[in-house]
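J.:
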Amino acid sequence: MIESLQQFDVELFLKIHRGLANPFFDWLLPLMRNRYFWAPLYLFIIIFSFIEYKKKGWYIIGMLLVTFAIGDMVASRLIKPAVARIRPCNEITLADDIIHRVPCGSGYSFPSAHATNHFAIAVFLIFVFYDRWKPVLPIGLFWAFIISFSQIYVGVHYPIDTMVGAILGTLIGLLTSKIYKKLQPQL
């Protein structure tokens, strides 16, 4: 069972990583996973929170940082070392199949911390802002998805790594948004 799941994961990885290869994705998708590319969005969220929510803006940003910290800690510090799955770009059996679009990194692959963190942040923001701004739902989910998909395309994660990261991040975002909603009336 595990072997057939891993085989499916490798085959799907190669269909995305090699099968979808094109100059536009080669340019766009490495940008999508770059934190500096998204810096203006992060700055916008901070400014928007302070302008629209005044004192509660500090609380939103604080809980957003807690959301990120929990996601990163669970994915990178707890699960990755326990599972110790080699990244596809470091996998010897895939050496001839990998297109090096970004530096590979030496860390483990499962789960994707990018997927975990961005789905956690997106879900948290959806629950915080949805009542006042409905487009945050599709935009937030697309944002987290494109970053997660980019991880596969550039060759640093398998599809299951990002899928589990997305589920884990969603659960973390739900948890922190519930904590936020519960504590919010006291502000």
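Per the working numbering, residue 4 is the first one in the sequence shown, and the count goes up by one each step. No residue lacks a Cβ here, since even glycine has one placed at the ideal position from N, Cα and C.
1. To the nearest angstrom, how far is the alpha carbon of F113 from that of E14?
2. For F71 versus A123, is the C-beta spacing smaller than 8 Å?
3. Sorted by chain position, which residues of the same chain lie with C-beta nearer than 7 Å to F16's C-beta, five sequence neighbours on each side aside?
4. Output needed for I182: all residues of its chain with C-beta closer than 6 Å, excluding positions within five of it in sequence on either side, in chain order.
5. What residue does the alpha helix (DSSP H) around E55 start on, and which one ends it?
6. Which two residues bound the contiguous alpha helix (DSSP H) that contains F152?
7. With burial defined as no fewer than 16 other Cβ atoms inside 10 Å of the residue's Cβ, what is the status of N120: buried or exposed?
8. Quick one: is W146 buried, meaning 16 or more other Cβ sit within 10 Å of its Cβ, or exposed?
9. Can you tell me whether N37 is buried or exposed? The criterion is at least 16 other CB atoms within 10 Å of its CB, across all chains shown.
10. For I149, I'd like the list of residues in its chain whose CB is within less than 7 Å of its CB, leaving aside the five on either flank, ordered along the chain.
11. Where do the N-terminal and C-terminal ends of the alpha helix (DSSP H) with V86 fall, by residue?
12. Assuming the contact rule is C-beta atoms closer than 8 Å, V86 and I175 should be a hit. Round their C-beta distance to whole Å, please.
13. Could you check whether D75 and A116 sit closer than 8 Å to each other, using their CB atoms as the reference points?
14. Write down the C-beta distance between G108 and I129 rounded to the nearest angstrom, noting that I regard them as a contact closer than 8 Å.
15. Is the CB-CB distance between T173 and M66 below 8 Å?
16. For a quick check, are the C-beta atoms of S151 and G168 less than 8 Å apart?
17. Taking all protein chains shown into account, decide if L190 is buried (16 or more other Cβ within 10 angstroms of its Cβ) or exposed.
T.: Reading from the atomic positions:
1. 17 Å
2. yes
3. P91, I155, Y161, P162
4. none
5. 42-56
6. 139-156
7. buried
8. buried
9. exposed
10. M35
11. 83-86
12. About 18 Å separates the two Cβ atoms, so there is no contact after all.
13. yes
14. Not really, about 29 Å apart at Cβ, beyond 8 Å.
15. no
16. yes
17. Any reading at L190 must be qualified, since the residue scores a pLDDT of 47, below 50, and its modelled position is unreliable; the value itself is stated next. Burial call: exposed.
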